[in-house]
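Number of protein chains: 2
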Amino acid sequence: MTLNLEAKKILLRKIPHGLFICGVKDEKNEVNGFTASWVTQGSFNPPLVVMAVRSEGSSHEIIKNTNKFSLNVLKSDQKDLAAVFFKPQVALGSRFEAVEFVLGDLGLPILKDSVGGVECAVIGDVTHGDHTVFVGEVKTAYLNNDVEALNLNSTGWNYGG
Amino acid sequence: MTLNLEAKKILLRKIPHGLFICGVKDEKNEVNGFTASWVTQGSFNPPLVVMAVRSEGSSHEIIKNTNKFSLNVLKSDQKDLAAVFFKPQVALGSRFEAVEFVLGDLGLPILKDSVGGVECAVIGDVTHGDHTVFVGEVKTAYLNNDVEALNLNSTGWNYGG
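Line by line, the protein sequences are chains C and E.
For the record, in the first sequence the residue sitting at position 89 is 89 according to the numbering used here, with numbers rising by one throughout.
For the record, in the second sequence the residue sitting at position 122 is 122 according to the numbering used here, with numbers rising by one throughout.
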């Protein structure tokens, strides 16, 4: 059995993905965040979301240590903001200088200018490969604007395959 | 801390989702399948996919027992086929009377008329709530037609929130 790598790439890139800003806060109360794309729902009751996070990033370790994260849904015209949270940052949390945010009930960053955001408590994970799959229970939800969300396909970027 | 259920529903429904036919085969070599929507990627290397499956379905138990599943990517004009695999079936596997398929190297159904399909070996799962989150390593990939894939939003259906 051999894996056809080209077919695999084409097929995995057909999975629709969004673009979200994941927010975290470490034990020193420093916020950090990154652009997440590999997100899906994991249950209705309780409401679960699933997010795969690159193992090398600084936020990955913070989620492992704190067992919580926020997920902010970007508006369809916020591609530039998604780009800010993709790029390397000069210091932990400095990407958040680009946006206004509040802290939710779990103490996690919720962007003021966005569709809205949820805060999640990690209830399980699968660590295998270059990402960790975190499963989080949605504990709070803050809706700012019920407008169309940004999706990966519309940006012309690829993340997957 | 109270969860705003309406905000939660609106925000979770902003997560883009596709529509896939998940195929399984039980210990008696009977094939079965269902329409899956909560799917995302979980790693580049090895290539992992993540799929949440309703705990009550017959395919759920088969995946738990066999630790493998296929995921077929539907073409944008195959909404009717997705509907067939949503509905209750008269007997295990009878939905597959509606389509031609071959068996991949892992013995799992790959639809002949589709964008293509992958076969996955389960490497981990998180069981919590009304679905199980399965993480599978992509072992084979069969590309039929590199055309636009069906997505949930275009169908007018909701599954999430």
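Virtual Cβ for every residue (Gly too), placed ideally from N, Cα, C.
Predicted, not measured: the structure shown is a model, and the values here were computed from it.
Practice problem: Take T40 of chain C and list the residues in its own chain whose beta-carbon comes closer than 7 Å to its own, dropping the five residues that flank it on each side. | Solution: V50
Self-check item: Reduced DSSP category for H17 of chain C - H, G, I as helix; E, B as strand; rest coil
Solution: coil
Quiz item: With distances taken between CB atoms, is the gap from L103 of chain E to F20 of chain E smaller than 8 Å?
Solution: no
Quiz prompt | Between the CA atoms of I10 of chain E and D146 of chain C - distance to the nearest angstrom | solution = In a straight line, the C-alpha of D146 of chain C is about 7 Å away from that of I10 of chain E.
Practice problem: Mind listing the chain E neighbours of K112 of chain C? Cutoff is C-beta to C-beta under 9 Å, in chain order. | Solution: In chain order: nothing, as chain E lies at least about 15 Å away.
Quiz prompt | Euclidean distance between Cα positions of N72 of chain E and G18 of chain E | solution = Roughly 11 Å separates the two Cα atoms.
Self-check item: Residue-level contact to chain E via CB, P46 of chain C, 8 Å cutoff
Solution: yes
Quiz prompt | Bounding residues of the beta strand (DSSP E) (the contiguous stretch that carries D26 of chain E) | solution = For D26 of chain E, there is no enclosing beta strand (DSSP E), since its DSSP letter is neither H nor E.
Quiz item: Closest by CA to L5 of chain C, which one among E:D130, E:F44, E:K112?
Solution: E:F44
Exercise. Out of E:D125, E:T155, E:E97, point me to the one whose CA is closest to V68 of chain E's CA.
Key: For the record, residue 68 of chain E in the displayed sequence is Lys; it is not Val. Checking every option, the nearest Cα to that of K68 of chain E belongs to E:D125.
Self-check item: Cα-Cα separation between F96 of chain C and G23 of chain C, rounded to whole angstroms
Solution: Here the alpha carbon of F96 of chain C sits roughly 9 Å from the alpha carbon of G23 of chain C.
Practice problem: Would you please verify whether the beta carbon of H131 of chain C is less than 8 Å from any beta carbon of chain E? | Solution: yes
Practice problem: Round the Cβ separation of T140 of chain E and L106 of chain E to the nearest angstrom and send it over; I've been treating them as touching at under 8 Å. | Solution: 6 Å
Exercise. Could you list which residues in chain E have their beta carbon closer than 7 Å to that of P230 of chain C, in chain order?
Key: With chain C represented from 1 up to 161, any question about residue 230 of chain C goes unanswered, as that position is not in the structure.
Quiz item: Using the beta-carbon of each residue, which ones in chain E are nearer than 7 Å to Q41 of chain C?
Solution: Residues of chain E whose Cβ lies closer than 7 Å to the Cβ of Q41 of chain C are, in chain order, L12, I15, W38, A52, G160.
Quiz prompt | Residues near I63 of chain E by beta carbon distance below 7 Å, same chain, minus five either side | solution = Counting only Cβ-Cβ distances below 7 Å, and skipping sequence neighbours, we find V24, V53, F69, V122, F134.
Quiz item: Got a sec: is the Cβ-Cβ distance from T140 of chain C to anything in chain E below 8 Å?
Solution: yes
Self-check item: Buried or exposed by the 16-neighbour rule on C-beta atoms within 10 Å, applied to E137 of chain C
Solution: E137 of chain C should be labelled buried.
Quiz item: Quick one, which of C:N144, C:W38, C:L108 has its alpha-carbon nearest G116 of chain C's?
Solution: C:N144
Quiz prompt | N-terminal and C-terminal residue of the beta strand (DSSP E) that K139 of chain E is part of | solution = 131-143
Quiz item: By the criterion of Cβ-Cβ separation under 7 Å, what are the contact partners of D146 of chain E in chain C?
Solution: I10
Exercise. Report the partner residues of H128 of chain E according to the DSSP bridge assignment.
Key: E:H131
Self-check item: Proximal residues, the region 92-121 of chain E versus chain C, C-beta separation under 8 Å
Solution: D105, L106, V115, G116, G117, V118
Quiz item: Taking Cβ-Cβ distances shorter than 9 Å, what residues in chain C pair up with L81 of chain E?
Solution: By Cβ distance, chain C contributes nothing, its closest Cβ being about 15 Å from L81 of chain E, past 9 Å.
Quiz item: CB-CB under 8 Å to H131 of chain E, same chain, minus the five flanking residues each way: which ones, in chain order?
Solution: W38, A52, V53, R54, S55
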